[in-house]
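So the structure is just underneath, and the comments pick up after that.
Residue numbers (our numbering), protein chains in the order written: chain A, 1369 to 1562; chain B, 49 to 324.
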């Protein structure tokens, strides 16, 4: 688990590393790779649900980091910048394979009062259940949930990563949580019947 | 996300646990990435912000003087980047002036024996090695690795339990041998990549940029320069600088090897209980 052991770096460290990568420093890239590759792979794997494709895309993301480190403008966190590359590479890979992933409810307003995931989330410790429930969500819904809860990104960061307005992110998060709740409740009900 | 919402907190805990449990990428992904990196040309970069504002703030004579100086120094730096020289900028600048203005045109034989010609004809290779090492004591191993790095003239970066050593190519074998003696080798790999084509392409790009900058400066001298033309010159110098960084990085790759060592602590051995 090399990746995890080297992930404790600060954003300032990683900006410095990116500067060195931009100057062609392979050693800096190796450090960066070991710090980020695991997280990139985890993100991509959740979106594409296929180990081989995920590994291919994750590799492409790290190559893109090497090629375009000089374009990092310093506005976003390094993690957000890398996840942005990962997101677009993932969608490109899915498009090439003809996977439809646009959610249908982007334009609908979010109702804050209905934002509670509900009692079914009490059982979220059961990871297998969560995995199954997540699999039922659309690509974009999985992406926003993962960015928000696994990577701790703010809504404006998610908007930058997935290249859409903040209002759309709010709507996607709302519907993603509601679908996750509904799915978990269905699964719990099915378990209760069994 | 609402920090005080228990449902959000549960979601966050669940997703974080999933992320923590995600496996590390396979070594094959790193190998494929490294191959793509060494083979692919890099995109044009802008290592620093545009200097157009300070151009316009300068008086016209100062701009002319600076433009001329930039072309000369930019060309010099580019030359140094391609030739990978370790001499100071002043010396290289002097060499260039002598070669351009005082000496007759080089013969084919002279060209063939120049460092640039050597670079074009001799294959240039880079070596990348990785070692996955199980060790008893990681801090102690890092100290021992520092000693090896000093002995092999390597620069060493350390992050937690990852070591990256960059050293002259000739020292790689000895460094790998010494590092492998520090623990139990779980896996290792050594890859050689031919950089000749990349180096030639980098040299050609530098040469073309230098010629463009010189031609533009000549036009500016003849017809007077607008702010737009001066900004073009500024762009050219930025591109020369970026190409020079590329060339130096390639040169560094051609003369140096990288050894990446990932360490993992060995599981403590439990002594058998006496009498059983």
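The beta-carbon is built from N, C-alpha and C at its ideal position, and this holds for glycine as well.
Check: Cβ-Cβ separation, residue 1508 of chain A to residue 1540 of chain A (assumed contact under 8 Å), whole Å; Outcome: 6 Å
Check: Cβ pair residue 81 of chain B, residue 214 of chain B closer than 8 Å; Outcome: no
Check: Chain A contact for residue 81 of chain B (CB, 8 Å cutoff); Outcome: yes
Check: When A/1525, A/1496 and A/1545 are compared against residue 59 of chain B, the one with the closest alpha-carbon; Outcome: A/1545
Check: Residue 73 of chain B burial status per 10 Å Cβ neighbour count (16 or more: buried); Outcome: buried
Check: Buried or exposed (CB count within 10 angstroms, at least 16 for buried), residue 299 of chain B; Outcome: buried
Check: Inter-stretch contact (C-beta, 8 Å, three-pair minimum) for the region 1520–1537 of chain A and the region 1447–1467 of chain A; Outcome: yes
Check: Residues of the region 213–241 of chain B whose Cβ lies closer than 7 Å to any Cβ of chain A, in chain order; Outcome: 214
Check: Residue-level contact to chain B via CB, residue 1547 of chain A, 8 Å cutoff; Outcome: no
Check: Partner residues on chain B for residue 1529 of chain A, Cβ-Cβ distance less than 7 Å; Outcome: By Cβ distance, chain B contributes nothing, its closest Cβ being about 15 Å from residue 1529 of chain A, past 7 Å.
Check: Length of the line joining the Cα atoms of residue 313 of chain B and residue 190 of chain B; Outcome: 12 Å
Check: Under 7 Å by beta carbon: chain B residues contacting residue 1394 of chain A; Outcome: 301 and 306
Check: Check whether residue 280 of chain B and residue 174 of chain B have beta carbons under 8 Å apart; Outcome: no
Check: Inter-residue spacing [alpha-carbon to alpha-carbon] between residue 76 of chain B and residue 266 of chain B; Outcome: 52 Å
Check: Per-residue contacts from residue 245 of chain B into chain D (C-beta, under 7 Å); Outcome: Structure shown: chain D not included; protein chains present are A and B.
Check: CB contact below 8 Å: residue 64 of chain B versus chain A; Outcome: yes
Check: Residue 190 of chain B at chain A interface by Cβ criterion, 8 Å; Outcome: no
Check: Beta-carbon proximity of residue 285 of chain B to residue 261 of chain B, cut-off 8 Å; Outcome: yes
Check: Extent of the continuous alpha helix (DSSP H) to which residue 1423 of chain A belongs; Outcome: 1419–1436
Check: Enclosing alpha helix (DSSP H) for residue 1393 of chain A [first to last residue]; Outcome: Per DSSP, residue 1393 of chain A belongs to no alpha helix (DSSP H) and is neither H nor E.
Check: Of the listed residues A/1378, A/1428 and A/1518, nearest to residue 85 of chain B (C-alpha basis); Outcome: A/1428
Check: Within-8 Å CB hit, residue 1514 of chain A to chain B; Outcome: yes
Check: Where residue 246 of chain B falls: helix, strand or coil (DSSP); Outcome: helix
Check: Contacts around residue 1502 of chain A, its chain only, beta-carbon distance under 8 Å, and the 5 residues preceding and following it disregarded; Outcome: 1414, 1510, 1513 and 1548
Check: Distance CB(residue 294 of chain B)-CB(residue 1387 of chain A) smaller than 8 Å; Outcome: no
Check: Cut-off 8 Å between Cβ atoms - residues of its own chain near residue 219 of chain B, not counting five sequence neighbours on either side; Outcome: 200, 201, 202 and 305
Check: Beta-carbon proximity of residue 1450 of chain A to residue 1426 of chain A, cut-off 8 Å; Outcome: no
Check: Extent of the continuous beta strand (DSSP E) run through residue 1518 of chain A; Outcome: Premise fails: residue 1518 of chain A is in no beta strand (DSSP E) and is neither H nor E.
Check: Integer-rounded CB distance, given that residue 1517 of chain A should sit under 8 Å from residue 63 of chain B; Outcome: 4 Å
Check: Sequence-distant residues of its chain with Cβ nearer than 8 Å to residue 184 of chain B (five each side left out); Outcome: 231, 313 and 314
Check: Nearest to residue 69 of chain B (by Cα), restricted to the options A/1398, A/1395 and A/1411; Outcome: A/1411
Check: C-beta atoms of residue 1395 of chain A and residue 212 of chain B nearer than 8 Å; Outcome: yes
Check: Beta-ladder partner(s) of residue 205 of chain B, from DSSP; Outcome: B/212
Check: Sequence-distant residues of the same chain with beta carbon closer than 8 Å to residue 1465 of chain A, five excluded per side; Outcome: 1421
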